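In order, the protein sequence lines correspond to chains S and P.
The letter at position 162 of the first sequence is residue 162 when you use our numbering, and the numbering goes up by one with no holes.
Each number in our numbering comes from the position in the second sequence (counting from 1) with 1000 added on.
Ideal placement from N, C-alpha and C gives every residue a C-beta, glycine not left out.
All figures in this text were calculated on a predicted structure; none of them were measured in a lab.
Take a look at the structure set out below.
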Amino acid sequence: MDFDLTEDQRALLTAVERLVERHGGAPAGADSYILSGAELERDLEDGGYYDVARGQDADGAVGAALLVEAVARSPRAAEVGASALVAPKLAPTLSLPRPIILAATPLDGAVRFLGSRGTAVIDTGTDVRVLDLSTCRTAAVDTPFAYPFGRFVDLDLKNAPVLADVAPDLMRQWWRVALAAEIGAVAQVALDMTVDYVKARRQFNRPIGSFQAIQHRLSECATMIHGTRILARRAAWTGDGADAAFAAAHAKETAAKVHYDTHQFHGAMGVTLEHPLHFWSYRLKCLQGEMGGYMAHAKEAADAFWP
Amino acid sequence: MNFEWTEGHRAFRQKAKDLLAEHLPADWAAQTRYDQGSIYAANFSRKFCPILAREGMLLPHWPREFGGSGMDPFYHWILGEEMAAVGEPRSYQYMYCNWVGPAIMAYGTEAQKQAHLPRMTTGNVIWCQGFSEPSAGSDLAALSTRAERTANGYVINGSKIWTSGASVADFCFLLARTGDKRNSGISVFLLPMDTKGIDVRVIKTFMGATAFHEVFLTDVEVPESARLGEENRGWQIVRHVMYNERIGAPRYMLTLNALDHAVALLKAKNRFGDDMTRMRAGRARGALNAARTLCHQVIGERVKGRPPGPLTNVARYAVVMADRHVAEFIGDYLHEELVTNDDPLIAAAYRRTGSTGFAAGAAEIQLNLISRDLLQLPREG
Ligand SMILES: Cc1cc2nc3c(=O)[nH]c(=O)nc-3n(C[C@H](O)[C@H](O)[C@H](O)COP(=O)(O)OP(=O)(O)OC[C@H]3O[C@@H](n4cnc5c(N)ncnc54)[C@H](O)[C@@H]3O)c2cc1C
Chain S
1 MDFDLTEDQR
11 ALLTAVERLV
21 ERHGGAPAGA
31 DSYILSGAEL
41 ERDLEDGGYY
51 DVARGQDADG
61 AVGAALLVEA
71 VARSPRAAEV
81 GASALVAPKL
91 APTLSLPRPI
101 ILAATPLDGA
111 VRFLGSRGTA
121 VIDTGTDVRV
131 LDLSTCRTAA
141 VDTPFAYPFG
151 RFVDLDLKNA
161 PVLADVAPDL
171 MRQWWRVALA
181 AEIGAVAQVA
191 LDMTVDYVKA
201 RRQFNRPIGS
211 FQAIQHRLSE
221 CATMIHGTRI
231 LARRAAWTGD
241 GADAAFAAAH
251 AKETAAKVHY
261 DTHQFHGAMG
271 VTLEHPLHFW
281 SYRLKCLQGE
291 MGGYMAHAKE
301 AADAFWP
Chain P
1001 MNFEWTEGHR
1011 AFRQKAKDLL
1021 AEHLPADWAA
1031 QTRYDQGSIY
1041 AANFSRKFCP
1051 ILAREGMLLP
1061 HWPREFGGSG
1071 MDPFYHWILG
1081 EEMAAVGEPR
1091 SYQYMYCNWV
1101 GPAIMAYGTE
1111 AQKQAHLPRM
1121 TTGNVIWCQG
1131 FSEPSAGSDL
1141 AALSTRAERT
1151 ANGYVINGSK
1161 IWTSGASVAD
1171 FCFLLARTGD
1181 KRNSGISVFL
1191 LPMDTKGIDV
1201 RVIKTFMGAT
1211 AFHEVFLTDV
1221 EVPESARLGE
1231 ENRGWQIVRH
1241 VMYNERIGAP
1251 RYMLTLNALD
1261 HAVALLKAKN
1271 RFGDDMTRMR
1281 AGRARGALNA
1291 ARTLCHQVIG
1301 ERVKGRPPGP
1311 LTNVARYAVV
1321 MADRHVAEFI
1331 GDYLHEELVT
1341 NDDPLIAAAY
1351 RRTGSTGFAA
1361 GAAEIQLNLI
1371 SRDLLQLPRE
1381 G
């Protein structure tokens, strides 16, 4: 066991963090709670970062999880988990046009990042298919979340190619790892921001962060986030289906608690567009339920772990 | 990052399992009900620890010069995990291995090292921890047991409470007040339990028949050589040696064992079929996995020789949360087994998880420390 990053992983992280930083932090005062990540994605793609996990080895998978975390820490809604972790694990030799969209049948709802470009990787329940999105018609959907969403208007799933030898379970496994990694990072920023806020905001002649009632809930958030981050990286390393489901279950429980508590301690300020918390909290709210809430993943984990 | 044990670690774990398989008596569970404080377990430890010692497995992480094996702290933790998983057949002998011995190595005089460390390496000595008092629990620095100077040492008066293992212990690692200043008026004494003036009484609990004690100290005379470290520096010693102990021993292994066992039982009785039951079991196991991995991360920091930090408190609180999930799972889904009380492992884990939140320091104190040291939030008031 060694919990330090390898030299390669550290170098990767530094490079990605620099790149993310170049795209800027949260703008002061926004008129939308979705901040596009398209340009950041383009730079990541040009830099070849999405291919980190392609080697099929454990170090590469952890590297990809670190990439997901670093990108998720930015205020932007950038598609990273599917491209960096899921696609390379399912189709290591294919170079699918990005962005990669993850979806499961029936395809009648709204799908995160779905638009007219890139590839949809679809869990049909019996196989995994890839769909060239330029052949489909989609429409944007307005949702309460800080990610762009779309829905299919017209698509031909029957003729979409099947990914050979890829079971839907494998897709769901890496989707879970990607979700857990993303939640760990987004939740960490929401917590950090809240810690800063409660240190600065004064009521009753003292910083509200000096109240034990607030301290304990934020410390519980910190504990759950630590657990989520380590389980996500571990699941990336082991490539084990049960580990992925445990990580996702823990992450989703964390997401629910962290977005609630971080908003609670921002008071009314937290619901304004002026305060940047929403760039993270409204992604957390979305990630909490994608593929089902924590109960669904906990049950899957139990099924995989105690077959 | 690397989440795999080395070959050395794996072999060591296997050896620990093998030794347990060979030496743990067939009626261990029935006799002890997984209570490390039982007389049976304490007596057994005096046979079993010498075997560990012979095999070089009693003090894996101690430096060789003090009779240890000089291995990295992961070995110590692996040993702890395997022992905890079966209800701790070392009984309270794990305490000197974890922190009493290291405290004496760090702060003891040559004579104290000679008097105590070789005895520990034989695996036949039990230490207890005399910290808590009726009015000093979480607020340990409020302790009032006094050690007054005499011509050739000290005379100690006061009382301790919740002392695990006191009725079977040979020595007590005792905190007593030698000055009036709260934190800097406390000293450590290495007290033989057969010293005149010590009266030990068992406290009845639902933790086990001889789990806890009150220890009354009436005019207990000790020589100056019984004091560990400088006078009034006891608080610093305790902080130093106990910091890593905040994650405690790997007791979560008994919980983990019990949860896996509970699932096997439910399956055998066709009670693991519905989604809600599985969901709850999965949630508890996930929380345990998180807690265990965080503990491993803390030990990983020790392996790298880094000073302890607030990750320790985070890991400890994660253990508390995980134990609570398991306790609630057992309470909700193994009610029948709890009522018939004929499954020692389920019963023991249920009992034990009832005290994870305050044994070895209250959970809320961990949250206070995370707030202060990790989040760096301002103090209240
Ligand atoms: C199984 C077991 C074994 C033990 N073995 C030993 C032993 O061998 N030797 C020994 O010396 N002691 C031992 N103890 C005692 C243990 O260290 C104390 O129980 C612990 O320090 C808490 O003290 P207390 O029980 O007096 O609780 P109190 O200090 O009275 O606290 C009660 C509760 O109040 C809350 N609380 C207290 N302070 C705060 C605060 N600042 N902020 C928020 N909430 C707070 C917490 O919820 C806490 O659980 C043992 C305890 C157990 C359960």
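When you compare the CB of residue i with every CB in chain P, is at least one pair closer than 8 Å?
| i | result |
| --- | --- |
| D2 (chain S) | yes |
| L218 (chain S) | yes |
| Q215 (chain S) | yes |
| S281 (chain S) | no |
| P88 (chain S) | no |
| W174 (chain S) | no |
| S74 (chain S) | no |
| G125 (chain S) | no |
| S134 (chain S) | no |
| P207 (chain S) | yes |
| F211 (chain S) | yes |
Are the C-beta atoms of residue i and some chain S residue less than 8 Å apart?
| i | result |
| --- | --- |
| L1079 (chain P) | no |
| F1216 (chain P) | no |
| H1296 (chain P) | yes |
| S1069 (chain P) | no |
| V1326 (chain P) | no |
| G1165 (chain P) | no |
| A1016 (chain P) | no |
Rounded to whole angstroms, what's the CA-CA distance from residue i to residue j? Just pull it up for me.
| i | j | result |
| --- | --- | --- |
| L1020 (chain P) | F3 (chain S) | 30 Å |
| T1340 (chain P) | I1346 (chain P) | 11 Å |
| A53 (chain S) | A91 (chain S) | 11 Å |
| M193 (chain S) | W280 (chain S) | 10 Å |
| V198 (chain S) | H23 (chain S) | 27 Å |
| A256 (chain S) | E79 (chain S) | 21 Å |
| D1199 (chain P) | G1158 (chain P) | 11 Å |
| G109 (chain S) | A164 (chain S) | 26 Å |
| G308 (chain S) | P168 (chain S) | The structure shown does not extend to residue 308 (chain S), since chain S is modelled only from 1 to 307, so the question has no answer here. |
| A115 (chain S) | A1268 (chain P) | Correcting the residue identity first, residue 115 (chain S) is Gly in this sequence and not Ala. Going by the C-alpha atoms only, they are around 49 Å apart. |
| N1270 (chain P) | A298 (chain S) | 20 Å |
| P1250 (chain P) | K1196 (chain P) | 35 Å |
| A302 (chain S) | L191 (chain S) | 29 Å |
| V20 (chain S) | R1010 (chain P) | 40 Å |
| A187 (chain S) | D156 (chain S) | 37 Å |
| G1068 (chain P) | A1176 (chain P) | 30 Å |
| I1370 (chain P) | V166 (chain S) | 43 Å |
| G241 (chain S) | V62 (chain S) | 15 Å |
| A1318 (chain P) | E1081 (chain P) | 16 Å |
How far does the alpha helix (DSSP H) with residue i in it reach, from first residue to last?
| i | result |
| --- | --- |
| E274 (chain S) | Note, E274 (chain S): premise wrong, no alpha helix (DSSP H); not H, not E. |
| L19 (chain S) | E7 to R22 |
| R145 (chain S) | With the sequence shown as reference, residue 145 (chain S) is identified as Phe, and Arg is not the correct amino acid for it. Careful: F145 (chain S) lies outside any alpha helix (DSSP H) and carries neither H nor E. |
| W1127 (chain P) | Element bounds for W1127 (chain P): not the alpha helix (DSSP H) but the beta strand (DSSP E), W1127 to G1130. |
| P1307 (chain P) | No alpha helix (DSSP H) holds P1307 (chain P); DSSP gives it neither H nor E. |
| P1063 (chain P) | Per DSSP, P1063 (chain P) belongs to no alpha helix (DSSP H) and is neither H nor E. |
| F1074 (chain P) | P1073 to A1085 |
| P1223 (chain P) | No alpha helix (DSSP H) contains P1223 (chain P), which is instead part of the beta strand (DSSP E) from F1212 to P1223. |
| I1104 (chain P) | G1101 to Y1107 |
So residue i is in the beta strand (DSSP E); what residue range does that whole segment cover?
| i | result |
| --- | --- |
| K1160 (chain P) | G1153 to I1161 |
| E1230 (chain P) | No beta strand (DSSP E) holds E1230 (chain P); DSSP gives it neither H nor E. |
| C1172 (chain P) | F1171 to R1177 |
| R1149 (chain P) | R1146 to R1149 |
| T119 (chain S) | T119 to D123 |
| P1383 (chain P) | Residue coverage of chain P in this structure runs from 1001 to 1381, which leaves residue 1383 (chain P) outside it and unanswerable. |
| D132 (chain S) | V128 to D132 |
| P1192 (chain P) | I1186 to P1192 |
With 8 Å set as the bound, which would you pick, yes or no: does the beta-carbon of residue i sit closer than that to a beta-carbon of chain C?
| i | result |
| --- | --- |
| P1060 (chain P) | Protein chains in the displayed structure are S and P, and chain C is not among them. |
Open item on the list: Any C-beta of chain S within less than 9 Å: which residues of the segment 1243 to 1254 of chain P qualify?
Closed with: Listed in sequence order: no entries.
- [ ] Name, going along the chain, the residues of the segment 1253 to 1287 of chain P whose beta-carbon falls closer than 9 Å to a beta-carbon of chain S.
- [x] D1260, V1263, A1264, K1267, F1272, D1275, M1276, T1277, R1278, M1279, R1280, A1281, G1282, R1283, A1284, R1285, G1286 and A1287
Task: Check your reading: residues with Cβ closer than 7 Å to ligand 1 heavy atoms - done: Here the list is S:Q212, P:C1128, P:Q1129, P:G1130, P:F1131, P:S1132, P:G1137, P:S1138, P:D1139, P:L1140, P:K1160, P:W1162, P:T1163, P:S1164, P:G1165, P:M1207, P:A1211, P:F1212, P:S1355, P:G1357, P:F1358, P:A1359, P:A1360, P:G1361, P:A1362, P:A1363, P:E1364, P:I1365 and P:N1368.
- [ ] With 7 Å as the C-beta to C-beta threshold (strictly closer), list the residues of the segment 224 to 257 of chain S near chain P in chain order.
- [x] Listed by position, the residues of the segment 224 to 257 of chain S near chain P (Cβ gap below 7 Å) are H226, G227, I230, L231, R233, R234, W237, T238, F246, A249 and H250.
Task: Under 9 Å (Cβ pairs) to chain P, residues found in the segment 288 to 303 of chain S - done: Y294, M295, A296, H297, A298, K299, E300, A301, A302 and D303
- [ ] For the segment 4 to 34 of chain S, enumerate the residues whose C-beta is nearer than 8 Å to any C-beta of chain P, in chain order.
- [x] Taking 8 Å as the Cβ-Cβ cut-off against chain P, the residues of the segment 4 to 34 of chain S that qualify are D4, L5, T6 and Q9.
Open item on the list: By the 9 Å beta-carbon criterion, what residues does the segment 40 to 56 of chain S contribute toward chain P?
Closed with: The segment 40 to 56 of chain S vs chain P, Cβ under 9 Å: nothing.
Task: Where the segment 92 to 111 of chain S meets chain P: residues whose CB sits under 9 Å from a CB there - done: none
Task: Chain-ordered residues of the segment 1327 to 1339 of chain P with a beta carbon less than 7 Å from chain S - done: none
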